[in-house]
Structure formats: structure tokens, C-alpha cells
Amino acid sequence: MKLQGVHHAALAVMDMERMTAFYRDSLGMQVHPTKRNWLGSGHGFSLHLMPTDRPPAPRDPSRHIAFQVENLNDCCRHLLAKGLRPYQMSLTMEIFWLTESAGPLDQGIGTIFLEDPEGNTLEFVERHRGLFTDYDDGLED
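Be aware that the sequence shown starts at 1, since it is given in the UniProt record's numbering, and climbs by one per residue.
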């Protein structure tokens, strides 16, 4: 058996409308026309928002979704323009809040993190940058 990729990730959410709006308006994902709790990126990845009545877990970076982006600086610029609070994190979980998108963005492990409105940790990764500079994921470009 050979895995072909990740099809989707699921998040338990308390406020479906707020979370759908965040992933649509802040991250640019498209809402499925009939399955309104599914959002797609247009690049073979979907996010399944599943309703729950349980409060979200406190910030826990060991549980996160990582999105691959074309350019980390452009990603940071976009997040800041949306009024969001991106940060970088070291291997010891030290947080470095980002206030500008220029520069090497090489604090911590060289990726960007963000919390969604319910506290789920999101990571943004640029292939062959930061922690992933020498990482070969076996995928074709």
C-alpha cells in the first residue's frame, strides 16, 4: 500500500458559523456547495468542521494542522493584514510574536503558527525552509 497524501483533517467546533467564516475569510478556503461544514483549499486538501458541545482544548501545539504555503513571508503578510496574531515557536515552545512579514522569519523552527478563533493551533510551512530545509518528504513538486 502506498499513501497518496492527506485527504482531510477534522476539527471539532462549537461555533460552526464563526469557524466557517474564519477559514473562508481569513485563510481563503472555499465552502463546499452542499456540505457546508466542509471547506477546501483547491489543492487536494479539505477541512471537515464537526459540531461539538464540548469546550475547545487549551492551546496545545502538539495537536495542530500544518498547511503548506508557497511563501512564508507572503503568508505572514496576509495573516497580519487580516488582523491575526501569527507567531514563531522554538523547539522548547518559546513564542516569538510576529509584527512584520519582512526578514528571514527564522525565529524558532522557521515556520509560522496561529490559533483559530476556538484555539486550534495552525502551522504554516514553506517547503525546504526552516526546520524543513533538508527534509525530503518524497513528494514531487
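All residues carry an ideal CB built from backbone N, CA and C; glycine is no exception.
DSSP places GLY40 within a strand segment (E or B) once states are collapsed to three.
When DSSP assignments are scanned along the UniProt domain "VOC" (5 to 127), the uninterrupted stretches of beta strand (DSSP E) that are 3 or more residues long and fall wholly within it turn out to be 8 to 13, 38 to 40, 46 to 51, 64 to 69, 87 to 89, 95 to 97, 112 to 115, 121 to 126. Taking a contact to require three or more Cβ pairs closer than 8 Å, the region 115 to 128 and the region 92 to 104 do not qualify as touching.
The way I'd put it, the region 37 to 50 doesn't touch the region 81 to 94; fewer than three beta-carbon pairs between them come closer than 8 Å. Distances from the alpha-carbon of HIS8 to those of ALA66, ARG77, GLY130, ASP53 put ALA66 closest.
ALA12 sits close to MET50, with the two beta carbons spaced by under 8 Å. When DSSP states are grouped into helix, strand and coil, LEU131 belongs to the helix group. Annotated as distal: MET93 and THR52, with beta-carbon spacing of 8 Å or more. Taking every protein chain shown into account, the CB of PRO86 has 16 or more other CB atoms within 10 angstroms, so this residue is buried.
Scanning its chain for C-beta atoms nearer than 7 Å, with the 5 sequence neighbours on each side dropped, one finds around ARG127 the residues GLN68, in chain order.
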